[in-house]
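*Asks:* Numbered per the numbering used here, the sequence shown finishes at 348, counting up by one with no gaps. Every residue, glycine too, gets a C-beta built ideally from N, C-alpha and C. Pasting a structure below so you can have a look.
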Amino acid sequence: MTICSAPGKVFLFGEHAVVYGKRAIACAIDLRTEVEVNRGGNGIHIHSAFKDDPDKNPYIKMAIKKVQQYVDIKNLSVKVSSTIPIASGLGSSAAVTVATIGALNEEFQVGLRKEEIALMAYQTELEVQGAASPTDTFVSTMGGTVIVPDRKVLPPISCGIVVGHTGISKSTARMVARVRALKEKYPDVIGGIMDSIGCISVRGEDLIKKNDYRSIGELMNVNQGLLDALGITIPELSLQIHAARQHGAYGAKVTGAGGGGCMVAICDEKKCKEIATAIGRSYGDSFITRSTSEGLIIK
Ligand SMILES: Nc1ncnc2c1ncn2[C@@H]1O[C@H](COP(=O)(O)OP(=O)(O)OP(=O)(O)O)[C@@H](O)[C@H]1O
Ligand SMILES: C[C@@](O)(CCO)CC(=O)[O-]
Ligand SMILES: [Mg+2]
């Protein structure tokens with residue numbers, strides 16, 4: 050029996066643009082998905098409290114298929130438990146994929162290194178979704194603050210992080226397809242927006258190294274303006290974003306694919322409670338979280 054867990058994430062900068070090779074920066078957060086694998090039984094059985102997916106666990110099944118390229122897995126039970134809101138921009142699909150591959154790697158002594166697990170998890174997301182960047186799977190495997198496609202790992206950020214959750218679920222695959230259609234229709238216009246988002250992430254690396262959270266927040270706000278231009282913000286997310294800014298956040302934006310799901314604000318730690326309350330009053334729920342260095346771990 051092996052148990053592994055892997056974290057969710059927030060994007061500071063670069064979602065959507067990263068699908069086109071632009072730079073993005075994301076932080077692992079202290080919400081996690083735990084996967085327990087047990088050999089034996091009769092066939093492959095998956096148990097998860099999340100049962101809404103019409104495709105019935107596509108990420109877990111694809112993750113098992115990837116590991117089956119290395120070892121014969123016939124009889125197996127997989128149990129999943131998670132504190133990451135699903136289909137909400139916090140990387141729940143990456144966390145369940147990374148934790149599954151990590152647990153199988155350990156249980157069947159496949160010998161994959163962390164970089165290889167991250168790559169296999171990325172290929173899993175790519176096959177299930179049709180399009181994906183390596184960001185979510187890389188940050189979930191490595192923890193800390195990551196820069197993609199460079200695959201740099203920096204320490205966790207040390208400011209306050211508040212997440213607003215609209216409770217409106219969305220599908221990453223569908224949002225990525227919508228942005229792609231817009232880009233194909235107006236390649237010159239949307240291409241320029243993608244370039245600008247990439248520039249923000251390039252500036253962001255230096256600011257993160259200097260712990261300049263005020264400037265990081267300023268650029269998160271600029272990034273949000275560009276995400277809005279891509280059409281991925283909904284009114285409920287805008288309410289939460291503006292509530293966070295009005296109550297002293299350094300910056301606030303959508304995290305992940307948009308179309309619903311979550312926004313993220315960064316702030317002085319002392320301001321977290323006030324901002325979380327303001328977000329919750331504007332729409333949906335909110336919670337305070339932390340950036341973590343703990344990526345994929347074996348329990
Ligand atoms: N605990 C879980 N158990 C089983 N499947 C899960 C679990 N968590 C996530 N999933 C799978 O991930 C899918 C949601 O992935 P999706 O990429 O749309 O959203 P997300 O990863 O939460 O957000 P984002 O990709 O924007 O960060 C679910 O439909 C389900 O297939
Ligand atoms: C929208 C997107 O950029 C972020 C999803 O968390 C898709 C991806 O990077 O795979
Ligand atoms: Mg996902």
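Skipping 5 residues on each side, what residues in its chain have a beta carbon closer than 8 Å to that of His94?
*Replies:* Counting from one through the sequence shown, the residue named residue 94 turns up at place 45. Within the same chain, His94 has close Cβ partners Leu125, Ser126 and Val127.
*Asks:* Comparing alpha-carbon positions, which option in Val147, Ile113, Leu80 and Pro198 lies nearest Gly92?
*Replies:* Taking the first residue of the sequence shown as 1, we reach residue 92 at position 43. The shortest C-alpha separation from Gly92 is found at Ile113.
*Asks:* Consult DSSP for His94 and reduce its assignment to one of helix, strand or coil.
*Replies:* As a first step, residue 94 must be located in the sequence shown, where it is residue number 45. In this structure, His94 counts as strand in the three-state DSSP scheme.
*Asks:* Examine ligand 2 and report whether any of its heavy atoms sits within less than 8 Å of the Cβ of Val68.
*Replies:* Your numbering for residue 68 matches position 19 in the sequence shown. Answer for Val68: yes, Cβ within range of ligand 2.
*Asks:* How about Phe60: is its Cβ closer than 8 Å to a heavy atom in ligand 2?
*Replies:* As a working note, residue 60 is residue 11 in the sequence shown. Yes, since a heavy atom of ligand 2 falls inside the 8 Å radius drawn around the Cβ of Phe60.
*Asks:* For Arg294, does the count of other Cβ atoms within 10 angstroms reach 16, so buried, or fall short, so exposed?
*Replies:* Taking the first residue of the sequence shown as 1, we reach residue 294 at position 245. With 16 or more Cβ atoms within 10 Å of its Cβ, Arg294 is classed as buried.
*Asks:* Under 8 Å by Cβ, that's how I've got Pro183 and Gly193 pegged, so tell me the actual separation to the nearest angstrom.
*Replies:* For this step, residue 183 is matched to residue 134 along the sequence shown. For this step, residue 193 is matched to residue 144 along the sequence shown. At roughly 15 Å, the Cβ-Cβ gap does not stay under 8 Å, so Pro183 and Gly193 are not in contact.
*Asks:* Should the segment 315–333 be called in touch with the segment 226–236, which here means at least 3 C-beta pairs below 8 Å?
*Replies:* With the cut-off at 8 Å, the segment 315–333 and the segment 226–236 do not touch.
*Asks:* For Val86 and Thr186, what's the separation of their Cα atoms in angstroms?
*Replies:* By 1-based counting over the sequence shown, the position of residue 86 is 37. By 1-based counting over the sequence shown, the position of residue 186 is 137. If you take the alpha carbons of Val86 and Thr186, they lie about 20 Å apart.
*Asks:* Put Thr184 into one of helix, strand or coil per three-state DSSP.
*Replies:* Here residue 184 is taken as the residue at index 135 of the sequence shown, counted from 1. Helix at Thr184.
*Asks:* Give, in chain order, every unbroken run of the alpha helix (DSSP H) that is at least 4 residues long and sits entirely within the segment 129–181.
*Replies:* Within the segment 129–181, the complete alpha helix (DSSP H) runs of at least 4 residues are 141–156 and 163–178.
*Asks:* Comparing alpha-carbon positions, which option in Val313, Met111 and Leu345 lies nearest Glu64?
*Replies:* Against the sequence shown, residue 64 aligns to sequence position 15. Of the listed residues, the one whose Cα sits closest to Glu64 is Val313.
*Asks:* Kindly give me the distance between the Cβ atoms of Thr221 and Ala306, rounded to whole angstroms, as I take these residues to be in contact under 8 Å.
*Replies:* Numbered from 1 along the sequence shown, position 172 holds the residue referred to as residue 221. Numbered from 1 along the sequence shown, position 257 holds the residue referred to as residue 306. Their Cβ separation, rounded to whole angstroms, is 4 Å, which keeps Thr221 and Ala306 in contact under 8 Å.
*Asks:* May I ask you to check if the CB of Asn174 is nearer than 8 Å to at least one heavy atom of ligand 2?
*Replies:* As a first step, residue 174 must be located in the sequence shown, where it is residue number 125. The question names Asn, but residue 174 in the sequence shown is Glu. Yes; taking the cut-off as 8 Å, the Cβ of Glu174 has a heavy atom of ligand 2 nearer than that.
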